[in-house]
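Right, one structure below, let's go through it.
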C-alpha cells in the first residue's frame with residue numbers, strides 16, 4: 001500500500017533522515033518509536049509532503065513518486081487518500097467542533113454543506129464527540145480536542161492516517177480517551193502510522209514497531225517479537241530505559 005525508499009532530509013548541514021526505508025501494508029498499525037531527535041516526526045511530515053524531502057521516493061497505491069521531483073497535482077492526489085493528526089490538534093479556534101470537521105470537506109473536497117455536515121456528525125459520533133459538536137476548542141479538554149482532530153481525519157475517508165505523537169500533550173486520563181479511539185480504529189482495520197511514546201499502544205495495539213535513532217531505522221518487526229526479543233543492543237537499551245522510567 002505504502003513504501004518509503006531511501007528517504008533523506010537535511011536542515012542545513014544537519015542530516016535528519018539518512019535513507020529511511022519502510023513498508024506499510026493495508027490494515028497495518030505501525031508504531032514508530034525512538035528518542036527525541038531521531039527523525040520520527042520529520043519522516044512523517046515528509047511522507048505527507050508537509051516537509052520537502054531531499055531524496056528517496058514514495059510508493060503509494062502501486063505508483064512510485066520521487067520525493068525531490070513530485071508535482072503539486074500528485075501531492076494533492078495522494079493527500080486526498082491520507083489524513084494527518086497533529087500533536088497540538090491544529091483546530092480552528094474560532095470554529096465549533098462541527099465546523100472544524102466540515103471545513104476541509106467543503107473547501108478542500110468541494111462537498112455540499114449538507115453532505116459535509118452529515119459526514120462530520122457521523123465522524124464526531126464515532127469518536128464520542130457528537131454531543132460537543134457545537135462547542136468551540138476553548139470549551140473542550142485536550143483529549144476532546146484531539147478526538148475532534150481524529151474525527152476531522154476520519155471524515156475524509158482516508159486510506160491511511162498519520163498520527164504525530166497524538167497524546168504527548170495530554171495527561172494520563174485524557175491520553176486514555178484518545179488511545180481508546182485509536183484502538184477501535186485499529187480493530188476496524190484502519191491503516192495507521194503512529195509516532196508515539198506510548199509503549200502500551202505500541203505493544204498491544206500496533207502490529208508492527210519501527211525503532212529509529214539518528215535518522216535511520218535501527219530495528220523493525222512484529223510488535224510481540226520486538227518487545228519480547230529485540231535483536232539490536234541499542235533497542236534493548238532503549239526499552240530497558242523506558243521500563244525503568246515507569247517503575
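Residue numbers (full-length UniProt numbering): 1 to 247. Each residue gets a CB set at the ideal place from its N, CA and C atoms; glycine is no exception.
Secondary structure of residue 190 (DSSP, three-state): coil.
Taking 7 angstroms as the cut-off, the beta carbon of residue 161 is found closer than this to the beta carbon of residue 153. Residue 1 is positioned such that its CB atom lies closer than 7 angstroms to that of residue 25. Residue 17 is positioned such that its CB atom lies closer than 7 angstroms to that of residue 9. When secondary structure is reduced to three states using DSSP, residue 74 falls in the helix class.
Residue 235 and residue 201 do not touch by the CB rule: their CB atoms are close to 17 angstroms apart, not below 8 angstroms. Spanning the alpha carbons of residue 232 and residue 240 requires a straight line of approximately 13 angstroms.
DSSP lists 32 and 164 as the bridge partner or partners of residue 195. Residue nearest to residue 89 within the set 31, 103, 49 and 165 is 165 (criterion: CA-CA distance). The beta carbons of residue 78 and residue 60 sit about 5 angstroms from each other, so the pair counts as a contact at 8 angstroms. Where residue 123 is concerned, the enclosing alpha helix (DSSP H) starts and stops at 113-126. In this chain, the alpha helix (DSSP H) harbouring residue 153 covers 142-154. Secondary structure of residue 172 (DSSP, three-state): helix.
Residue 100 sits buried, since 16 or more C-beta atoms from the chains shown fall within 10 Å of its C-beta. Between residue 143 and residue 170, the CB-CB gap stays under 7 angstroms. Of all alpha-carbon atoms in 209, 47, 225 and 187, the one lying nearest the alpha-carbon of residue 196 is that of 209.
Of the residues assessed, residue 48 falls on the buried side of the cut-off, its CB having 16 or more other CB atoms within 10 angstroms.
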